[in-house]
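Numbering-wise (my numbering), the sequence shown opens with residue 1237 and increments by one.
Built from N, CA and C at the ideal position, the CB exists for glycine as well.
Predicted, not measured: the structure shown is a model, and the values here were computed from it.
One structure is given below, encoded as structure tokens.
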Amino acid sequence: MKKQDAIEILQKEIEIPKTVQEKADAALKQIQDSSQGSGGKLLPYRRTARPGKHFRKRAAVAAAAAAISLFALTGAAAVYRNWSRSLSEGLHISEEQQQELESNQMASFVEQSCTDNGITVTAQQSITDNYYAHLSFKIEGYQLEAGAEPFLEVKNITVDGREDFNWSARFYNGIVSDGSGRPVLADGSSLESLETDENGLIPELSYTMEDGSLEYHMILSKTDEKGYFLDKPIHVELKNLGTVAKAEYFPDVEGDWTFDWTLQGHGIAKECDLNVPLGDSEATVTHVEISPISLTAEYQFPRQEITREYMDENQEVQKYTLFAEPPALKGVRLKDGTTYPSLYMGPGSMGYLDEDSDTYLYSFAIDRILDVEQVECLLFLKEASAEESSLETAEFYEVPIE
């Protein structure tokens, strides 16, 4: 950087993060202190003024040094890592949200690679809260046939040596949710508007990224033990790569890819103790926990047995009983009026905490990042009619969050 360029940059009005500002101020103070003995004086950052003639040269050199130091600080803070598409697009994460998730350490980068039989698999990054963990893996070296759906075997996953959690996984192909539960492309385009090619395939739907790689998105879930995943050692064993069609797996490449790292994250969440009845459903919401990546609600819901009938293989009517379910937690409304009537991404949990309790839990991973402080109320679905086809026209019980 040229000296004059550095001085001009110092004189510009630039908004920088608080932590960077503090570091920059400290660096400037050091230079300022070293200049006091010779009559030099450095102006605070973001103020505009021109130094007096008698110390212009000394101040200019110091300012240039300060600018270079400042750029090193702000550059380091502003250079955020390359996010995987399966997380950034799949969870609708803006650049600002990416920076926030990195700053609060909810998102972390693994960048651990393993190669076998010509295929390199890289554990890229994770996003983790009290109950859920998103993991992203990148697969390089595998040529996926056009129109085929890739499949990767999961041999073993443990967290702190334990396996008592749920998980789901899929390869990312650019399909996301629009906030009302409908699948769309990442740019918001409707799948119904897409045309097929001569082979009956939709060109826009591709598992292959621009660089030829594939991305594998895994979600871990443990809703009955708060903080289960945070700062715990995780072990993942993946094996064999192939394709799947009509529920049949076709192995293609044999291999073993093993990863071990510490699953970092943060339990950032907004929790509220409530006492909100949901209409005449007999369910009362007593506690909610809103994380940037998940929703959890507890109800008091007295058990109600329901008897149903079905036809057995002998065409005879049989009966069975089950418990009624409370209105399902589905989405949120934000303070700016934005409504997401369906945020479910899964996995999740629903049911009574134990056989004797009337406490009912509903928890699930959501399909986008939420600013928890902007959530105005939670939406619980009223009983929908058989003709109900869209959550956009469904009715909800609204539970305000203070």
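C-beta neighbour in chain B for residue i, strict 8 angstroms
i	result
residue 1601	In the displayed structure, chain B is absent; only one protein chain is listed.
Residue i: first and last residue of the uninterrupted alpha helix (DSSP H) it sits in
i	result
residue 1406	Not the alpha helix (DSSP H): residue 1406 falls in the beta strand (DSSP E), residues 1402 to 1407.
residue 1429	Taken as a continuous stretch (DSSP letters only), residue 1429 belongs to no alpha helix (DSSP H), as it is neither H nor E.
residue 1322	1321 to 1324
Bridge partners - residue i, DSSP secondary structure assignment
i	result
residue 1502	Beta-bridge pairing links residue 1502 to no other residue.
residue 1493	1474
residue 1197	Here the chain comprises residues numbered 1237 to 1638, so residue 1197 is not present and cannot be evaluated.
residue 1468	1499
residue 1551	Its beta-bridge partners do not exist; DSSP assigns none.
residue 1576	1568
residue 1361	1345 and 1372
residue 1444	Answer is none; residue 1444 lacks a bridge partner.
residue 1487	1478
residue 1398	1395
residue 1317	Looking at the DSSP assignment, residue 1317 forms no beta bridge with any residue, so it has no partner.
residue 1542	1558
residue 1425	None; residue 1425 has no bridge partner.
residue 1355	1352
residue 1617	1632
residue 1416	1578
Close Cβ partners of residue i (< 6 angstroms) along its chain, the five nearest in sequence each way excluded
i	result
residue 1371	1362 and 1454
residue 1578	1416, 1417, 1566, 1567 and 1627
residue 1471	1394 and 1496
residue 1319	1334
residue 1235	Because the chain spans 1237 through 1638 in this model, residue 1235 falls outside it and cannot be assessed.
residue 1377	1354, 1355 and 1356
residue 1343	1337 and 1363
residue 1548	1554
Check whether residue i and residue j have beta carbons under 8 angstroms apart
i	j	result
residue 1494	residue 1350	yes
residue 1611	residue 1526	yes
residue 1334	residue 1347	no
residue 1327	residue 1603	yes
residue 1407	residue 1464	no
residue 1514	residue 1563	yes
residue 1613	residue 1631	no
residue 1409	residue 1442	yes
residue 1555	residue 1543	yes
residue 1385	residue 1480	yes
residue 1345	residue 1317	yes
residue 1459	residue 1599	yes
residue 1504	residue 1449	no
residue 1373	residue 1390	no
residue 1597	residue 1586	yes
residue 1545	residue 1553	yes
Spatial neighbours of residue i in its chain, beta-carbon cut-off 8 angstroms, leaving aside the 5 residues before and after
i	result
residue 1594	1536, 1537, 1538, 1539 and 1588
residue 1265	Interpretation of residue 1265 is limited by its pLDDT of 41, a score under 50 that renders its predicted location unreliable; the figure taken from the coordinates is listed afterwards. No residues qualify anywhere along the chain.
residue 1341	1500, 1501 and 1502
residue 1420	1411, 1412, 1413, 1414, 1426 and 1427
residue 1637	1506, 1508, 1524, 1526, 1611, 1612, 1613 and 1614
residue 1550	none
residue 1520	1511, 1512, 1513, 1514, 1535, 1536 and 1537
residue 1609	1506
Residues of its chain near residue i, where Cβ-Cβ distance is below 7 angstroms and the 5 sequence neighbours each way are ignored
i	result
residue 1487	1476 and 1478
residue 1352	1491, 1492 and 1493
residue 1601	1368, 1455, 1457, 1529, 1530, 1581, 1582, 1583 and 1584
residue 1404	1455, 1582 and 1583
residue 1541	1557 and 1559
residue 1388	1452, 1474 and 1477
residue 1240	Because residue 1240 sits at a pLDDT of 40, beneath the cut-off of 50, its placement in the model cannot be relied upon, and the following sentence gives the value as read from the coordinates. Excluding positions up to five away in sequence, the list is empty.
residue 1258	In this prediction, residue 1258 has a pLDDT of 46, which is less than 50 and means its spatial position is unreliable; what the coordinates show is noted afterwards. Excluding residues within five positions, none has a Cβ falling inside 7 angstroms.
residue 1617	1563, 1564, 1566, 1630 and 1632
residue 1619	none
residue 1483	none
First through last residue of the beta strand (DSSP E) which encompasses residue i
i	result
residue 1570	1565 to 1570
residue 1538	Residue 1538 -> no beta strand (DSSP E), and no H or E assigned at all.
residue 1413	1411 to 1413
residue 1196	Nothing about residue 1196 can be read from this structure; the chain reaches only from 1237 to 1638.
residue 1455	1450 to 1457
residue 1636	1632 to 1636
residue 1421	1419 to 1421
Proximity test, residue i beta-carbon vs the ligand ADP heavy atom, cut-off 7 angstroms
i	result
residue 1579	Looking for the ligand ADP in the displayed structure turns up nothing, as the structure carries no ligands at all.
- request: Within the stretch 1326 to 1353, note down every full beta strand (DSSP E) run reaching 3 residues or more, in order along the chain.
  value: 1343 to 1352
task: Run through the stretch 1583 to 1610 for me and flag every whole beta strand (DSSP E) of 3 or more residues, listed as ranges in chain order.
output: 1595 to 1602
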